[in-house]
Every structure is written in C-alpha cells, then in structure tokens.
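The next block holds one structure in the form of structure tokens; read it before the comments.
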Amino acid sequence: MHVWVDVRGGEYGMTLTRYVAGVAVVFLIVGPVWFCAVMVRRTWLAGWTGAAARLAEAVLGLGVLTVISEILGTFGMFRRLALICSAVAVGLASLALRRKDPPAGPRRPPFVPQPGWAEPVATLIIAAVVLAWASYARDAYRTGILGVDSLQYHLP
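For what it's worth, the working numbering labels the leading residue of the sequence shown as 4, then goes sequentially.
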C-alpha cells in the first residue's frame, strides 16, 4: 500500500478510523443543515409534501451550507471545526426559532398549466447543453485535459 507522507512527517493513508471520522464529520455538518432546511420548509411551505417538499429542502440546505461556508471563508475561518460548529449552531437556532403551529397553506404547491410548446423547447435546450458539454468531454477523453485554465493552476 502506498502511503502519502506530509511534509511534516505525517501519513495520509486511509484507515478505518480516518474513514469513520470523515463520515462522522459529514454527518455533523450535513445533519444540522438538513434539519434547518426541513424546519424552514415546514414553516414557510407547510402544505408542500412529497417530491416538491424534498426539492425545496435540498435547495434550502445547499443554500444554508453555501452561506455558512462563504461567511467562514470571508473571515479566513473555513476549517473543519469551524464548519461543524457553525452547522450545529444553525441547526440549534432553527430548532429554537421554529413555529409550533405552522401557517395553514395549500396542500400541494400550486400547479400552473404549461403551454404545449414548453416541453419540446425545454428538451431542445437541454439537448443543446448536453451536446456542447459532451464535445468537450470527448476531446478531454481523447487527448487529456489541455485547456489553459486547467493546466495553469488546477492540475499538477
């Protein structure tokens, strides 16, 4: 097994302990952020259920995690422990600020009928984006990643 060695002499090999610690860190960050997203969705979109509710929670959770990360990064504090503490603080704050009786709302998100041409146009737009991306991906598989942006500072 090849073990990466840090300049300070430490090793970077994957062990069961490091794996479990990494999974725990992910749960300590994602768990409270997900809880916050659920509380916000239940408060403001109480009638939403099913896929629409899960989508709203996913968008809210990613937004909360992005804002936390950007605030920490602004002050040069984007570190694992600071991110965990901030996520737990946001989760606890959402627990403390939740409404006991969410406002009654529509049972489902409102459905707005779309014109008949909307679906084919959306399909064409998606196909154009996929084709544009696929051409760059095909070239990268054939010749490697040779773009100036990648070679100058992203890749070794």
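Every residue, glycine too, gets a C-beta built ideally from N, C-alpha and C.
{"Check": "Under three-state DSSP, which class holds Phe-81?", "Outcome": "coil"}
{"Check": "Could you pull out every residue in the same chain whose Cβ sits closer than 6 Å to the Cβ of Gly-150, ignoring the five residues on either side in sequence?", "Outcome": "none"}
{"Check": "Assuming Ala-59 and Arg-44 are in contact, meaning their beta carbons sit under 8 Å apart, how far apart are those beta carbons, in whole angstroms?", "Outcome": "5 Å"}
{"Check": "Below 6 Å CB to CB, which residues in the same chain sit around Val-91 once its five sequence neighbours on both sides are set aside?", "Outcome": "Pro-35"}
{"Check": "Measure how close the beta-carbons of Val-41 and Ile-71 come, nearest whole angstrom, since I'm counting them as under 8 Å.", "Outcome": "The pair is not a contact, with the Cβ atoms about 16 Å apart (cut-off 8 Å)."}
{"Check": "Using only alpha-carbon positions, find the residue among Phe-38, Thr-52 and Cys-88 that is nearest to Val-28.", "Outcome": "Cys-88"}
{"Check": "Are the CB atoms of Thr-18 and Arg-101 within a distance shorter than 8 Å?", "Outcome": "no"}
{"Check": "If you run the structure through DSSP and keep just helix, strand and coil, what is Leu-31?", "Outcome": "helix"}
{"Check": "Candidates Ala-49, Ala-140, Val-26 and Ile-32: which alpha carbon is nearest Val-67's?", "Outcome": "Ile-32"}
{"Check": "In the DSSP assignment, the alpha helix (DSSP H) including Ser-138 goes from what residue to what residue?", "Outcome": "121-146"}
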